[in-house]
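Okay, so here's the structure we're looking at.
Numbering (our numbering), first residue to last: 136 to 225.
The structure is reproduced here in structure tokens:
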């Protein structure tokens with residue numbers, strides 16, 4: 136019976152991971168002095184033009200990308216946080 140309990144515990148862990156395999160990347164806060172650096176990354180991520188990307192950066196919180204794999208989401212979050220943005224993965 137103890138062996139079965141462990142297996143059940145592992146199955147639950149896997150289900151939780153499966154449930155969070157995709158993330159939305161939300162630009163939460165943009166410090167005024169960091170807008171240009173953040174804007175460059177937002178444009179490269181989204182493929183938007185300058186005007187559209189500027190609207191996103193000027194009006195946080197904004198979802199930048201949806202249903203992104205965890206590894207990619209973590210990388211994007213790190214890149215944006217390095218230039219001063221506050222990012223939330225949902």
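Glycine included, each C-beta is placed from N, C-alpha and C at the ideal position.
Check, Outcome
"Nearest to residue 214 by alpha carbon, out of 176, 165, 166?", "176"
"What first and last residue would you give for the alpha helix (DSSP H) that runs through residue 188?", "185 to 193"
"Distance, Cα to Cα, residue 220 vs residue 207?", "17 Å"
"Ends of the alpha helix (DSSP H) at residue 223?", "Careful: residue 223 lies outside any alpha helix (DSSP H), inside the beta strand (DSSP E) at 221 to 224."
"Below 8 Å between beta carbons: does that hold for residue 205 and residue 156?", "yes"
"Would you mind stating whether residue 194 and residue 160 have Cβ atoms separated by less than 8 Å?", "no"
"Could you say which of 217, 224, 223 lies nearest to residue 170 if we only look at CA atoms?", "217"
"Less than 8 Å between the C-beta atoms of residue 222 and residue 163, yes or no?", "yes"
"Rounded to a whole number of angstroms, what is the C-alpha to C-alpha distance between residue 224 and residue 211?", "10 Å"
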